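Position in the sequence shown (first residue = 1) + 56 = the working numbering. Don't be surprised by glycine CBs; every beta carbon is placed ideally from N, CA and C. Quantities reported herein were computed from a predicted structural model and do not represent experimental measurements. Taking it in order: structure first as C-alpha cells, then the write-up.
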Amino acid sequence: MDTTGVVESQDTSEISQLKGVQPIVGLVFYPGGQIYYFSPGSFPCKRGDRVIVSTTKGFELGVVQFTHDVDPSTMATPLKKIKGLATAEDLKDRELFSSKEKEAFQKARAKIREHKLPMKLVGAHYNYNGKRLTFFFTAEGRVDFRELVKDLASTFCTRIDLKQIGPKDEARLIGGMGVCGQNLCCRDFLVRPPTTSVKMAQNQDLGTKNPDKISGQCGRLMCCLNYEDEVYKSLRAELLQPGTVVTTPEGRGRILEVRVLKNTMLVEVEGQVFRRMEFPVDKVVVSKQEKA
C-alpha cells in the first residue's frame, strides 16, 4: 500500500458505508515522524483526532493525518484497530512528558560526549505515558551504544530506545524551510519521499553542475524534482532536441537550448558572425539539409 502524496481526508463513518472497501487512518506519534496505518474500527476519525493505539513497543498516542479507503485485498496483513479516542487524562500525560523532551535531549547529548561516541543526537520522544523514551541519532556507521543505553536508563528511570536514522529522516524530524520559502514537503505532507534522479533536474533545465541548487536540507536531491517531471517529459517529447540543425526566420542555425516552459528555443544562427537568438517553437523547423 503506497501513498506518496496528500490524501483527501474524510470522516471514516462515511467511508465505512461504501461496499467493498475498508477505511484506514494514517497516524504519526510525534511531529515529523513516520506514518503508520491502523483501522479505525468502530470509532469515526477525522484529521487531527488524537487516538490511542497498541504497537509492538506498547501503547502510543497518535494524531490522525488522513483517512482513506482501500481494497482489503491489497493489504498483506490485517491492520490493527485503534483502541479509542484519547481521553483528557491521556492528553494531559502527553503534554507533561512532551515538556520534558527538551531537557532529556540535553542530558542525553551530554552522556554521548561522556561516552565519546561518534554519533549526532537529533531528537528525543517520550511516549504519551512516559514509559518509553526514544532518542534519534545519525552516525557514519554502526555504533556500539550498549553502555550508553544503560547509563540513560539509569538517568531517566524508563525504557530507552536508540534509533539510528538517515539524512532524509533527520530533515523530516527537525523540519525547516525549502528554497521555495515553504515548509519542507517531507515534514508537511509527504507520506514517504518520492524517487528522484539527476535526469529529472536535467529535464527541468535546473543544471547539475551546482549540486546545492538541486539538493534539499537533507543533502539529497529535492523531492519536488519529482512533482513536474512527467509534464516536462511530455512537453520535451514534442520539441526538437539541442544540436538539431534548423531553419529560422533569421536563417539557418543550430539549437543550443530548449526552453520548455517558455515554449521557445535558443538558436545559434549562422552568418558572418554567429548570433544567439530566441525563437518560438512554431518559427523553427528542421533544415532541409538536415532531413536529407
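Look at the Cβ atom of residue i, then the Cβ atom of residue j, and state whether they are nearer than 8 Å.
{"i": "E334", "j": "L322", "result": "yes"}
{"i": "L141", "j": "D200", "result": "no"}
{"i": "F192", "j": "V178", "result": "yes"}
{"i": "P298", "j": "L317", "result": "no"}
{"i": "Q220", "j": "A195", "result": "yes"}
{"i": "T264", "j": "A257", "result": "yes"}
{"i": "D207", "j": "K163", "result": "no"}
{"i": "F153", "j": "G186", "result": "yes"}
{"i": "V126", "j": "Q90", "result": "no"}
{"i": "R315", "j": "S343", "result": "no"}
{"i": "K339", "j": "C274", "result": "no"}
{"i": "Y184", "j": "D244", "result": "no"}
{"i": "R188", "j": "G114", "result": "yes"}
{"i": "F99", "j": "K136", "result": "no"}
{"i": "F85", "j": "R103", "result": "no"}
{"i": "G88", "j": "L229", "result": "yes"}
{"i": "C279", "j": "P249", "result": "yes"}
{"i": "R215", "j": "N259", "result": "no"}
{"i": "E151", "j": "Y182", "result": "no"}
{"i": "C241", "j": "A227", "result": "no"}
DSSP three-state call for residue i: helix, strand or coil?
{"i": "N282", "result": "helix"}
{"i": "K137", "result": "strand"}
{"i": "S253", "result": "coil"}
{"i": "V235", "result": "coil"}
{"i": "D200", "result": "coil"}
{"i": "F153", "result": "helix"}
{"i": "P336", "result": "strand"}
{"i": "R188", "result": "strand"}
{"i": "F212", "result": "helix"}
{"i": "L147", "result": "helix"}
{"i": "S129", "result": "helix"}
{"i": "V342", "result": "strand"}
{"i": "Q66", "result": "Interpretation of Q66 is limited by its pLDDT of 44, a score under 50 that renders its predicted location unreliable; no figure is taken from the coordinates."}
{"i": "D261", "result": "coil"}
Could you say which of the options lies nearest to residue i if we only look at CA atoms?
{"i": "Y92", "options": "P100, S110 and K339", "result": "S110"}
{"i": "E159", "options": "F212, R150 and I230", "result": "F212"}
{"i": "K176", "options": "S155, Y184, T130 and R198", "result": "R198"}
{"i": "E294", "options": "C280, L277, R276 and T320", "result": "T320"}
{"i": "H171", "options": "R202, T112 and Y184", "result": "R202"}
{"i": "C101", "options": "G88, I80, F115 and V84", "result": "I80"}
{"i": "V341", "options": "V329, F330, L296 and G327", "result": "L296"}
{"i": "E284", "options": "L262, P87 and T300", "result": "L262"}
{"i": "V120", "options": "T130, I138 and P134", "result": "I138"}
{"i": "G82", "options": "H124, T112, E116 and G97", "result": "H124"}
{"i": "T143", "options": "G327, R332, V107 and K269", "result": "V107"}
{"i": "V302", "options": "E324, N282, S155 and T112", "result": "E324"}
{"i": "C236", "options": "T300, P128, T133 and K269", "result": "K269"}
Tell me the residue span of the beta strand (DSSP E) that contains residue i.
{"i": "D217", "result": "R215 to Q220"}
{"i": "I311", "result": "G307 to R315"}
{"i": "Y92", "result": "Y92 to F94"}
Given 7 Å as the limit, tell me if residue i has its C-beta closer than that to any heavy atom belonging to the ligand PLP.
{"i": "P298", "result": "This structure lacks the ligand PLP, and indeed carries no ligand of any kind."}
On the DSSP bridge assignment, give the partners of residue i in chain order.
{"i": "I108", "result": "L117 and G140"}
{"i": "K176", "result": "T194"}
{"i": "I80", "result": "H124"}
{"i": "T304", "result": "G307"}
{"i": "S271", "result": "L277"}
{"i": "Y182", "result": "L189"}
{"i": "R331", "result": "V325"}
Between which two residues does the alpha helix (DSSP H) holding residue i run?
{"i": "K163", "result": "E157 to H171"}
{"i": "D294", "result": "Before going on, a small fix: residue 294 reads as Glu here, not Asp. E294 -> no alpha helix (DSSP H), and no H or E assigned at all."}
{"i": "L322", "result": "No alpha helix (DSSP H) holds L322; the beta strand (DSSP E) holding it covers T320 to V325."}
{"i": "R228", "result": "P223 to I230"}
{"i": "K241", "result": "Lys is not the amino acid found at residue 241; the sequence shown has Cys there. Unbroken alpha helix (DSSP H) run through C241: C241 to D244."}
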